[in-house]
Amino acid sequence: MSNEPNVIISNAPWKKPLPNIDEDNAAFWDGLKKHKFLVWKCKKCGASYWPKAYCQNHENEPFAANMEWAEVSGKGKIFAFNTHHMAFDAGFDDDGEFIYALVELDEGPLVSSTLVGPKKPKDTYDIGQRVEVVYEDHPAEGFTVPRFRIVD
Amino acid sequence: MPKHPSSGKYAIVGLGVVAGAQPGRSERMIAAEAARLAILDAGLTPKDIGGAIDLRRSGGGGDRANYTDAFSRVLGLKNHFYFVCGRGGALAGLGIATALSFLDRGIVNYVCLMGAVTDWSQAQESKKHGHRGMDHAQKRGYWGKPLGDQRAVSHHSWMAARHMAVYGTTSRQLGAISVAERAWACKNPEAKMYGRPITVEDHQNSPVVVDPYHLLDISLVSDGGIAFILTTADRAKDSPKPPAFVLGQGFGEVSAELWWDKKNFTHMAVAPAKQQAFGQAGITLNDIDCCQFYDCFTAEVLFQLEDYGFCKKGEGGPFVESGAMAPGGSIPVNTSGGLLSCYHLGDLTGMAESIRQIRGEAGERQIKDCEVVMTTGHGGELLSPGMCSIHTCTLLGRHA
């Protein structure tokens, strides 16, 4: 864990597309608001999934009955990333360049979000850095989005 | 290798193409016109057409959503069935597989398959409102939308980036794909980029859109429509144009293994599709005279060259840099200019070119003694956080 606080509070108006919160991922988004990073875990073998899925290691019960949302560290490493130089949606017009990364969580699943913080990969070939989740709270909107930052 | 009994039993006998900007025309009118041209090309009349399949990107834009406004009704086809089929850019391959079922059971004698888009015209409208590109076709509900995953390039560029990081592929090598396709387009008067050759330096100097992708790694936004007529091999004998026989088809899904193995960022679901299609046709890669690969972005071409086995995995970069897919190369790829330099009508762009190559109608870009052509399609949804897509492979031959 780095010494930097892992919470960003933003009161700026949200102009981007809204998160797609539905019955399959509502618990995940609730977890983010509580600054917990949840993955969908098999009670029998411990395999982790994100997003929600039936466990691939078993003939599972209806509606994935042996699965549950479980808190994990929110740590992982960069699997691949790109750098957006242009906005294609008016909500991103003021963002400037940003890095959109695929993160391989320590538990296995891939999750994507933008990188925050001062550390950046030096080029496309520079992957594998350790990252951790940063919770970006939007109190006025009632949701928290996950970001990642490089910690090594 | 023995052929599957279905191989060569069906053929494409008519082709209709409406290309170039179509301002002021709706998708359904472009669709109807392409279908009219295909019926004429097949030497048929509308009353011969037993059914129509509307090849449409699921989830995308389009003004043909109301079934009563179907292109088939506009054109006056008095058919037995009309329905929508397609997944992203995987249109023609899925449509052919579906149509064969109706022909096989003698339900109809001829099926008209058609796809049309007005992306370019709609993008011009979007521009007036200060938005860029395909704003009208914006999909909703993806995980990454609020986080910056605004367009296809936002996640497709991960594939190029991952391939670069894992295998050492370079942007200049991806540029070689763009340059090769442009060289083909310069032999095709119908191509948007006809008469506008480029170099790798031009590729490198084109604006960086989403690094590692430059503007010249990204496919075109187009208007147009392509229709074709499918029938049985015995009826195809009476066709005025040389039939293009369906030798084999195969399908693969990223969601089967690649997604779970996290290989979907460096591989496409080629393996099962190749095995099925080539197995049915009883041929090998050596029998392929040219490929029309789905090329929404440059890296997809690289993946397919590797995954089909034209070169080893990870060696696609040097392979394309050697000029292998360009005019005069060992395996001509996207001889019309493809989605990168001809026009973007999903896999119908490649299918139309394959039909023309089989017929010997490809003009200056005609492949000599072209016997067997491979056409691929690709399309899907953004299953968080990576593309979950289908890969379709269709083999057409000059002889059954």
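Sequences listed follow chains A and B, in order. So the mapping is simple: our numbering equals the position in the first sequence, first residue as 1, plus 49. So the mapping is simple: our numbering equals the position in the second sequence, first residue as 1, plus 1092. All residues carry an ideal CB built from backbone N, CA and C; glycine is no exception. All values reported here derive from a predicted model rather than from experimental measurement.
Only counting runs of 4 or more residues, tell me where the alpha helix (DSSP H) segments fall wholly within the segment 87–135 of chain A, in order along the chain. Segments of the alpha helix (DSSP H) lying fully in the segment 87–135 of chain A: there are none.
Using a Cβ-Cβ cutoff of less than 7 Å, which residues in the same chain neighbour S1098/B once the five nearest sequence positions on both sides are dropped? The count along the second sequence starts at 1 and reaches residue 1098/B at position 6. Around S1098/B: Q1372.
In terms of residue numbering, what span does the beta strand (DSSP E) encompassing D1211/B cover? Position 119 of the second sequence, counting from 1, holds the residue named residue 1211/B. No beta strand (DSSP E) contains D1211/B, which is instead part of the alpha helix (DSSP H) from D1211 to K1220.
Between V88/A and chain B, is the shortest Cβ-Cβ distance under 7 Å, so that the two count as touching? Taking the first sequence and counting its residues from 1, one reaches residue 88/A at position 39. Not closer than 7 Å to any Cβ of chain B, the Cβ of V88/A fails to qualify, so no.
Per DSSP, T193/A forms a beta bridge with which residues? Working through the first sequence from its first residue, we reach residue 193/A at position 144. Per DSSP, D186/A.
Going by DSSP, what residue range makes up the alpha helix (DSSP H) through S1164/B? Counting from one through the second sequence, the residue named residue 1164/B turns up at place 72. From DSSP, the alpha helix (DSSP H) with S1164/B extends over F1163 to L1167.
Run through DSSP, which three-state label would R198/A get? Translated into the one-based positions of the first sequence, residue 198/A becomes position 149. DSSP places R198/A in strand when its eight states are reduced to three.
Compare the C-alpha of D1146/B against each of G1478/B, A1184/B and G1442/B and name the closest. Taking the first residue of the second sequence as position 1, residue 1146/B is located at position 54. If we check each option's Cα against that of D1146/B, A1184/B comes out closest.
Where does G1187/B fall in DSSP's three states? Counted from its first residue, the second sequence places residue 1187/B at position 95. Here G1187/B carries a helix assignment [DSSP, helix/strand/coil].
Can you confirm whether the segment 1469–1481 of chain B touches the segment 1294–1305 of chain B when touching is taken to mean that 3 or more C-beta pairs between the two stretches lie within less than 8 Å? No, the segment 1294–1305 of chain B does not touch the segment 1469–1481 of chain B.
Below 7 Å between beta carbons is the criterion; list the residues of the segment 1243–1261 of chain B that meet it against any residue of chain A, in chain order. R1243, S1246, S1249, W1250, A1253, R1254, M1256 and A1257
D1315/B, enclosing alpha helix (DSSP H) - first and last residue: Position 223 of the second sequence, counted from the first residue, corresponds to residue 1315/B. Here D1315/B belongs to no alpha helix (DSSP H); instead the beta strand (DSSP E) covers D1315 to T1324.
Measure the CB-CB distance between A1111/B and E1282/B and report whether it falls below 7 Å. Mapped onto the second sequence, residue 1111/B falls at position 19. Mapped onto the second sequence, residue 1282/B falls at position 190. Yes. Within cutoff.
For chain B, is any of its Cβ atoms less than 7 Å away from the one on V160/A? The sequence position of residue 160/A within the first sequence is 111, counting from 1. Chain B contact via Cβ: present.
Do G1374/B and P1115/B count as a contact pair if the criterion is CB distance below 7 Å? As a working note, residue 1115/B is residue 23 in the second sequence. As a working note, residue 1374/B is residue 282 in the second sequence. Contact check for P1115/B against G1374/B fails: the beta carbons are separated by 7 Å or more.
Closer than 8 Å at the beta carbon, the chain B residues around K107/A: Taking the first residue of the first sequence as 1, we reach residue 107/A at position 58. Inspection of the sequence shows that residue 107/A is occupied by His rather than by Lys. Going along chain B, no residue has its Cβ under 8 Å from H107/A, so there is no contact; the nearest lies around 14 Å.
Residues of chain B with CB under 8 Å from A96/A, in chain order? Taking the first sequence and counting its residues from 1, the one referred to as residue 96/A is at position 47. What A96/A touches in chain B: nothing, since even the nearest Cβ is about 11 Å away.
Between which two residues does the beta strand (DSSP E) holding A1492/B run? For the purposes of this step, residue 1492/B is identified with residue 400 of the second sequence, where counting begins at 1. Run containing A1492/B: none; DSSP gives neither H nor E here.
By the three-class DSSP mapping on this structure, what secondary structure does Y1259/B have? Along the second sequence, read from residue 1 onward, the residue named residue 1259/B stands at position 167. Note: Y1259/B maps to helix in three-state DSSP.
Flag this pair as touching only if the segment 155–171 of chain A and the segment 1261–1281 of chain B have three or more C-beta atom pairs under 8 Å; answer yes or no. Cβ pair count under 8 Å is below three, so no.
For F137/A, which beta-bridge partners are listed by DSSP? Reading the first sequence from its first residue, position 88 is the one you call residue 137/A. According to DSSP, F137/A bridges with nothing at all.
Return yes when the Cβ of N55/A is within less than 7 Å of the Cβ of V183/A, no when it is not. The residue you call residue 183/A lines up with position 134 of the first sequence. The residue you call residue 55/A lines up with position 6 of the first sequence. Result yes, Cβ atoms of V183/A and N55/A sit closer than 7 Å.
Flag this pair as touching only if the segment 1394–1410 of chain B and the segment 1433–1449 of chain B have three or more C-beta atom pairs under 8 Å; answer yes or no. Between the segment 1394–1410 of chain B and the segment 1433–1449 of chain B there are fewer than three inter-stretch CB-CB distances shorter than 8 Å, so the stretches are not counted as touching.
Looking at the C-beta of F1395/B, does it have a partner C-beta in chain A at a distance below 7 Å? The residue given as residue 1395/B occupies position 303 in the second sequence. With 7 Å as the cut-off, F1395/B does not count as an interface residue toward chain A.
My assumption, with CB atoms under 8 Å, is that Q178/A sits in contact with W1352/B. Please give the rounded CB distance. Here the question's residue 178/A lines up with position 129 in the first sequence. Here the question's residue 1352/B lines up with position 260 in the second sequence. Actually they are not in contact, since the Cβ atoms of Q178/A and W1352/B sit about 24 Å apart, beyond 8 Å.
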